[in-house]
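What follows is a single structure, written as structure tokens, with notes after it.
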Amino acid sequence: KQEVTQIPAALSVPEGENLVLNCSFTDSAIYNLQWFRQDPGKGLTSLLLIQSSQREQTSGRLNASLDKSSGRSTLYIAASQPGDSATYLCAVPYYGNNRLAFGKGNQVVVIP
Amino acid sequence: SAVISQKPSRDICQRGTSLTIQCQVDSQVTMMFWYRQQPGQSLTLIATANQGSEATYESGFVIDKFPISRPNLTFSTLTVSNMSPEDSSIYLCSVWGYNEQFFGPGTRLTVL
């Protein structure tokens, strides 16, 4: 079964710094990889979806890269803001295209 | 994108009782998914619900504990039966659409 690991588990950065969040997965035969944001006690908001044929995907200050062969993805958040404080979850499909295996998340605090 | 609503948003229940969680989607979907997020843990898939057929449960989850209904293409319910404090979690409904996964806001359950 797909295992997903996210490092670091938690980090605090001063406002304005760039964030680098790492995700690794054990089975590289994936269709895609999705990054989500979760605010405390809330549901998930989809941030970026990278198809297996892509190497990166960008949305505003967010950029996600995918190295499928090495089983890694990185989420970059440029010029962090206090509103970026949340838990970021990485997820990859297993047993097909729509059951997702999640990492435990990167808990981010951006200090004003 | 798909818009998903869940009811209730949160509840506090007594040990031994049952709670039914509702999930409504704004469009017709073939597959709906139920996930659990225990405190401090990642999301784990409970089951996949297809309209007109029995739900498919993941390893470690059984129908007697988590019965699921899927009466039509926009609605599903998950019941958490004979609850214990270990069932305290966020329960999330999700759907697969437009090549990505969308999640509802979640139901925060506390069992005393």
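Chains as they are written, first to last, in the numbering used here: chain H, 8 to 119; chain R, 199 to 310.
Using N, Cα and C, we set each Cβ at its ideal position, and we do this for glycine too.
Taking C-alpha positions only, Ile261/R is separated from Arg208/R by approximately 22 Å.
With contacts defined as CB atoms closer than 9 Å, Ala86/H and Asn70/H fail to qualify as a contacting pair.
The C-alpha of Cys30/H is placed about 11 Å away from the C-alpha of Ser77/H. Under the three-state reduction of DSSP, Glu284/R is assigned to helix. Between Trp42/H and Leu56/H, the C-beta gap is smaller than 9 Å, which places the two residues in contact. Residue Leu82/H holds the alpha-carbon nearest to the alpha-carbon of Asn113/H among Leu82/H, Pro119/H and Pro89/H. Relative to the Cα of Thr275/R, the nearest Cα in the group Ala253/R, Gln299/R and Ser240/R belongs to Ala253/R.
Beta-carbon to beta-carbon, Ser287/R and Leu307/R are separated by about 6 Å, close enough to satisfy the 8 Å threshold. The Cβ-Cβ distance between Gln220/R and Gln235/R does not fall below 9 Å.
Between Ser199/R and Phe264/R, the gap from beta carbon to beta carbon reaches 9 Å or more. For the pair Ser59/H and Ala98/H, the Cα-to-Cα distance works out to about 13 Å. As the crow flies, the alpha-carbon of Gly258/R is around 44 Å from that of Gly23/H.
In this structure Ala108/H is buried. Its beta-carbon is surrounded by 16 or more other beta-carbon atoms within 10 angstroms. Not a single CB atom of chain H sits nearer than 9 Å to the CB of Phe264/R. For Ala245/R, the closest C-alpha among the options Pro89/H, Pro100/H and Arg106/H is that of Arg106/H.
Taking a beta-carbon distance threshold of 9 Å, Phe273/R does not count as an interface residue toward chain H. In the structure shown, Ser53/H falls within a strand segment according to DSSP collapsed to helix, strand and coil.
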